[in-house]
Each structure stands twice: as C-alpha cells, then as structure tokens.
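First up is the structure itself, then whatever we jot down about it.
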Amino acid sequence: MDQSAFAETHVSTRRIYEGKIINVRVDDVLLPNGNEATREIVEHNGAACVVPVTDDGKVYMVRQYRYPFARMVLEIPAGKLDAGESPADAANRELEEEIGMRASELIYMGEFCPSVAYDTEVIHMFLATGLTKSVQHLDDDEFLSVEVYDLNEVVRMAMDNELIDGKTIAAILKAKRILETKGANA
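Under the UniProt record's numbering, the letters of the sequence shown match residues 1 to 186, in that order.
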C-alpha cells in the first residue's frame, strides 16, 4: 500500500505543556484531501518492560497503585528510558530496581505502542531468563509489592481480563509463545 496517499503534512506546532515525563503539543496538518485538521500529541521518550521468567516457568510481577485508575494494578517490571539509555539497559535496570533480579539472557520481543492515535511512546518489550538474585532498590517515589505466578496462570489472567495493563498483556503473550517455541517450561 502506498503510504503517501494517506500521509498528513505538518503545517505548524504549538507547545501546550512540558513536563518531567511527557510533553504535549498541538499540530495543524494538511489532510490528503486538502482539508486542514488538528492533532493533539503526547510526546514521551519511551520505555522498556520485561517479563522475568524463572527456569521452572514462574513469572515475577509487581503490583502497584496507579493514580489515574485509583487502584492497584498487576504489571510486569517496566520504566521509562533515561536520557541516552538503550532499551536493553533500561530493561535490566528496571529488573533489578523493581524485583531485585538480574538476567543472564535478555530477549528482545519488539515494540508496543500504547496509543498510536495521539501518543509517541514506544515501549520495548523483553523476556528475561537465567534469573539470579540481586538487590531491589526502588525509586524514592515507587511503592510496590513483588508477586510470583506460574506463566500459564498469568496467560489465563490476561485472557480472562484480570490484567488491565496493555504492555503486560502483550508482553506476557509474546513471552509464552517464544518460550513454547524454545521448548522451555511454557
């Protein structure tokens, strides 16, 4: 398919907000039919998430309070990319910070774009195996509990709508498929 037939042309940008985690801008664009439109864009530097799986098929997850939803949410370890940090380095950092583990193998599982209509965030998904104990060191503003589940149970939870976090659902299902292909405890 020829993308150029559908492409929108940038006309102008207005910066609305600049914050620690996100920036917001409003772009005026020219549509393929010649009409003008407005696009509201949330700019985000990106993030990494990691599915830590033990040799016997257990998955380390974290449960933390998510203010926008006013409830506790079960997720895989994840965090935003620091300036100049590679996605793999961020995944390794978050693995150690949040659950106190290191991985001997980190497998890249691709990108997850949470909301392609208005958000530039790209979350890089990883599978971590060969886990060894390290030391958990949470950020000063981070409060969570570490929980361990059987991988098959987490897949069931994803399919039964017991997990609400998109990156967690996508990464768990990808990890399950990769581990099945490798013939591991999946």
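Beta carbons are placed, not taken as given, at the ideal position from N, Cα and C, and that holds for glycine.
- In the displayed model, Lys20 falls within coil according to three-state DSSP, outside both helix and strand.
- When the beta-carbon positions are compared, Lys58 and Asp150 come within less than 8 Å of each other.
- Straight through space, the alpha carbons of Gly79 and Leu131 are spaced by roughly 19 Å.
- Following the DSSP letters along the chain, one finds Glu97 inside the alpha helix (DSSP H) bounded by residues 87-99.
- Here Pro52 carries a strand assignment [DSSP, helix/strand/coil].
- By the C-beta density criterion, Phe69 is exposed, having fewer than 16 other C-beta atoms within 10 angstroms.
- Assignment of Ser4 by DSSP, reduced to helix, strand and coil, places it in the helix class.
- Closest by C-alpha distance to Cys49, out of Arg93, Pro77, Asn33, is Pro77.
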